[in-house]
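1 is the number of the first residue of the sequence shown in our numbering; add one for each residue after it.
Heads up: the structure comes next, in structure tokens.
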Amino acid sequence: MLARNPEYTGYHVGKPSFAATELRAAESCFTGKGKLIVKLIGLVTLFLLAYVGLSAVKTAQSYELANAKLQAKQLQQENDNLRIDIARLDAPERIYTMATAQLGMVAPSRVLYGTPDTAVGRTTDNQ
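In structure tokens form, the structure reads like this:
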């Protein structure tokens, strides 16, 4: 079997590699106070993300509420306009004018009151 020369493999025997020293340095950062600081930073970040998320939800709901109020106001205005139209269309003068002018109806000359057995007649002078 052939043995390789350690210089050709890219690593040195007996010397710690660069990655190993970085790993040990990183591990030394996360001892005691370092771990506490990382946890605190993570916790603050979590609270900030929650705050931003809740603010976004609150803003979206306020836009929905404003749109619902605007729609309710528009529907109320339309309802008021329809009530005005109903009052105008139910006016007795308008009904009389439409019946006589457009439909060719005439007011009765005689109006009967009572039951058919005891009918009393009255003559009207209205047209």
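Glycine included, C-beta positions come from ideal geometry on N, C-alpha and C.
**Request:** For the beta strand (DSSP E) holding L112, just list the boundary residues, first then last.
**Result:** Where L112 is concerned, the enclosing beta strand (DSSP E) stretches over 110-113.
**Inside the segment 73-103 only - alpha helix (DSSP H) runs reaching at least 4 residues** = Given a length threshold of 4 residues, each whole run of the alpha helix (DSSP H) inside the segment 73-103 is given here in chain order: 92-101.
**Asked** Helix, strand or coil: which one does DSSP assign to Q127?
**Response** Its pLDDT being 46, under 50, Q127 is placed unreliably by the model, and the measurement read from it follows with that caveat. Looking at Q127 - three-state DSSP - the assignment turns out to be coil, as it is neither helix nor strand.
**Alpha-carbon to alpha-carbon, L112 and R88** = Looking at the backbone, the Cα of R88 and that of L112 are separated by about 30 angstroms.
**Asked** Taking just the CA atoms, how far does A68 sit from L49?
**Response** Roughly 29 angstroms between the two C-alpha positions.
**Request:** With DSSP as the reference, label T31 as helix, strand or coil.
**Result:** Shown here, T31 sits in coil according to DSSP, grouped into three states, outside any helix or strand.
**Request:** Using a threshold of 8 angstroms, state whether the C-beta atoms of T100 and V106 are closer than that.
**Result:** Less than 8 angstroms separates the beta-carbon of T100 from that of V106.
**Request:** Please report how far the alpha carbon of L54 lies from the alpha carbon of K33, in whole angstroms.
**Result:** In a straight line, the C-alpha of L54 is about 31 angstroms away from that of K33.
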